[in-house]
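Q:
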Amino acid sequence: MALESVAPKKQSNQQSSSTNNFLRPSVTIEIFLFYTLGAVSVGSALMMVTRRSPVMSALYLILNFFALGGLYLSLHAQFIAFIQILVYAGAIMVLFVFVIMLLNLGDEKKLNERFSWKKIVGAGLSFGVLMELLFVFAYSKANLPPSQFEKATEIGTVENIGMQLFTTFLFPFEVTSVLLLAAIVGAVVLAKKKLN
Amino acid sequence: MELQSYLFLSAITFVIGVVGVLSRRNAIIVFMSIELMLNSVNLTLVAFSAFLGDVTGQMLVFFAMTVAAAEAAIGLAIIIAMFRNKQTVNIDDINILKW
Chain A
0 MALESVAPKK
10 QSNQQSSSTN
20 NFLRPSVTIE
30 IFLFYTLGAV
40 SVGSALMMVT
50 RRSPVMSALY
60 LILNFFALGG
70 LYLSLHAQFI
80 AFIQILVYAG
90 AIMVLFVFVI
100 MLLNLGDEKK
110 LNERFSWKKI
120 VGAGLSFGVL
130 MELLFVFAYS
140 KANLPPSQFE
150 KATEIGTVEN
160 IGMQLFTTFL
170 FPFEVTSVLL
180 LAAIVGAVVL
190 AKKKLN
Chain B
0 MELQSYLFLS
10 AITFVIGVVG
20 VLSRRNAIIV
30 FMSIELMLNS
40 VNLTLVAFSA
50 FLGDVTGQML
60 VFFAMTVAAA
70 EAAIGLAIII
80 AMFRNKQTVN
90 IDDINILKW
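Sequences listed follow chains A and B, in order.
Residue numbers for the first sequence, in numbering that gives the first Met the number 0: 0 to 195.
Residue numbers for the second sequence, in numbering that gives the first Met the number 0: 0 to 98.
#1: For residue 1 of chain A and residue 7 of chain B, I'd like the C-alpha separation in whole angstroms.
#2: So, with DSSP's three-state summary, where would you put residue 89 of chain B?
#3: Give the straight-line distance between the Cα atoms of residue 93 of chain B and residue 41 of chain B, rounded to the nearest whole angstrom.
#4: Applying the criterion that 16 or more other CB atoms from any shown protein chain within 10 Å of the CB defines a buried residue, is residue 131 of chain A buried or exposed?
#5: Whose C-alpha, out of A:46, A:124 and A:70, is nearest the C-alpha of residue 0 of chain B?
#6: So, at 6 Å on beta carbons, what are the nonlocal neighbours of residue 58 of chain A in its own chain, with the 5 sequence-adjacent residues on each side left out?
#7: Short of 8 Å Cβ to Cβ, which residues in the region 37 to 71 of chain A face chain B?
#8: Enumerate in chain order the residues of its own chain whose CB-to-CB distance from residue 4 of chain B is below 6 Å, with the five nearest sequence positions on each side excluded.
#9: Buried or exposed, going by whether 16 or more other CB atoms sit within 10 Å of the CB of residue 88 of chain B?
#10: Give the residues from the region 24 to 38 of chain B that approach chain A closer than 9 Å (Cβ to any Cβ), ordered along the chain.
#11: Let me make sure I understand the geometry here. Which of B:13, B:43 and B:69 has the alpha-carbon closest to that of residue 42 of chain A?
#12: Measure the CB-CB distance between residue 83 of chain A and residue 67 of chain A and report whether it falls below 8 Å.
#13: Flag residue 35 of chain A as yes if its beta-carbon sits less than 8 Å from any beta-carbon of chain B, otherwise no.
#14: Could you work out which residues of chain B lie near residue 175 of chain A, taking near to mean beta carbons separated by less than 7 Å?
#15: In three-state DSSP terms, what is residue 38 of chain B?
#16: Decide yes or no for the touch test of the region 79 to 88 of chain B against the region 22 to 35 of chain B: beta carbon pairs closer than 8 Å, at least 3 of them.
#17: In whole angstroms, what is the alpha-carbon distance linking residue 192 of chain A and residue 76 of chain B?
#18: Note down, in chain order, each residue of its chain lying with its Cβ closer than 6 Å to the Cβ of residue 79 of chain A, except the 5 sequence neighbours on either side.
#19: Here's the rule I'm using: 16 or more other beta-carbon atoms within 10 Å means buried, otherwise exposed. How should residue 115 of chain A be labelled?
#20: Whose C-alpha, out of A:62, A:102 and A:63, is nearest the C-alpha of residue 81 of chain B?
#21: Among all the DSSP beta bridges, which residues are the ones paired with residue 25 of chain B?
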C-alpha cells in the first residue's frame with residue numbers, strides 16, 4: 000500500500016523534471032535567438048518606414064511579424080505565436096496588400112520633403128519618447144518581482160489559453176464576437192459604392 | 000535572457016512606428032506603422048506574461064489582435080472610400096476635417 004502510493008509520485012517527479020529540462024532551451028541558444036530575431040525585427044521595421052513603394056513596406060512588415068512570432072515562441076507563448084503568423088502575417092497583411100494593389104498606388108513622390116520646423120519638432124518628440132521609454136524600462140528593474148520564467152512553459156500552451164478563455168475571460172470573448180460583427184457590417188457599408 | 004531586453008526591443012520598435020506615423024504621407028503606410036506600434040505593445044505584454052508567470056498578458060494580446068483585425072478591416076474600407084472620392088491617399092490632400 001505504502002509502496003504503491005510512493006512509486007507513482009516518484010515517477011511523476013522524474014517525468015516533470017525531465018520535461019522541464021527538455022522544454023527549457025539552453026541560455027546561449029536563447030540569447031542567440033533573441034539578438035537575431037530582434038535585429039530582423041528592428042531592421043525590417045526601419046525598412047518598412049523608409050521604403051517608397053507601399054508594396055515593399057507591406058512585405059517588410061510581414062517579415063517583422065514573422066520575427067515577432069519567433070520572439071513569442073522563444074518566450075514560450077506558443078498559441079500567441081501561431082495566432083500572430085495566422086492572423087497578422089496571414090489575414091491582415093493579405094488585406095493590406097490586396098488594397099494597395101486594388102488602388103494601384105505608385106511610389107510616394109517626395110519622401111524627403113523640404114526641411115521644415117515640423118520635421119524637427121517631430122524628430123525631437125520621437126527621440127524624447129524613445130528616451131522616456133528606455134529610462135522607464137531601465138529604472139523599473141528594481142521594482143519588478145522575481146522572474147518566474149520556469150513557469151512560462153506551462154502558461155502559454157493552447158490548452159491553458161483555451162481553458163482561461165472559456166472560464167475567466169468568457170465575457171470578453173463573447174463581446175469580441177459583437178465587435179467582429181460590427182466590423183463586418185461597417186466594412187461592407189463603408190466600402191459600398193454609394194453611401195445613402 | 001532578461002525581461003529588460005524584451006522591453007527595450009519593444010520600445011525601439013514602438014518609436015520606429017511613431018516616426019512612421021509622423022513622417023509618412025501615404026495613408027496606408029501610416030496605417031501599417033500603427034500596426035507596428037500595436038505589435039510592439041503586444042511584445043511587451045507577452046514578455047511580462049512570461050516573466051511574471053501570469054496568463055493575463057497573453058489573453059490581453061489575444062483580444063488586442065481581435066481589435067486590430069477589426070480595425071484593419073474598417074480602416075482599409077475608409078481608405079478605399081476616401082480614394083474613391085478624392086483619387087488620392089496622400090494625407091496632405093485629405094484635409095476636409097481640418098479647421
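All C-beta atoms in this analysis are idealised placements derived from N, C-alpha and C, irrespective of residue type, glycine included.
These figures come from a predicted structure and were not determined experimentally.
A: Taking the geometry as given:
#1: The pLDDT assigned to residue 1 of chain A is 46, lower than 50, so where the model puts this residue is not dependable, and the model offers no usable value.
#2: In the displayed model, residue 89 of chain B falls within a strand according to three-state DSSP.
#3: Near 31 Å, if we compare the C-alpha coordinates of residue 41 of chain B and residue 93 of chain B.
#4: Result: exposed.
#5: If we check each option's Cα against that of residue 0 of chain B, A:70 comes out closest.
#6: So the list is empty, once near-sequence residues are dropped.
#7: Listed by position along the chain: 37, 40, 41, 44, 45, 47, 48, 53, 56, 57, 60, 63, 64, 67, 70 and 71.
#8: Its chain contains no residue whose beta carbon lies nearer than 6 Å to that of residue 4 of chain B once the 5 sequence neighbours on both sides are disregarded.
#9: Taking every protein chain shown into account, the CB of residue 88 of chain B has 16 or more other CB atoms within 10 angstroms, so this residue is buried.
#10: Residues of the region 24 to 38 of chain B that bring their beta carbon within less than 9 Å of a beta carbon in chain A comprise 24, 25, 27, 28, 30, 31, 32, 34, 35 and 38, in sequence order.
#11: Residue 42 of chain A has its Cα closest to that of B:13, out of B:13, B:43 and B:69.
#12: In this structure, the beta-carbon distance from residue 83 of chain A to residue 67 of chain A falls below 8 Å.
#13: Not closer than 8 Å to any Cβ of chain B, the Cβ of residue 35 of chain A fails to qualify, so no.
#14: 62 and 65, listed in chain order.
#15: Helix at residue 38 of chain B.
#16: Counting Cβ pairs under 8 Å, three or more are found: they touch.
#17: Cα to Cα, residue 192 of chain A sits roughly 11 Å from residue 76 of chain B.
#18: Correct list, in chain order: 71.
#19: Flag for residue 115 of chain A reads exposed.
#20: Across the set A:62, A:102 and A:63, the C-alpha of A:102 shows the shortest separation from the C-alpha of residue 81 of chain B.
#21: According to DSSP, residue 25 of chain B bridges with B:89.
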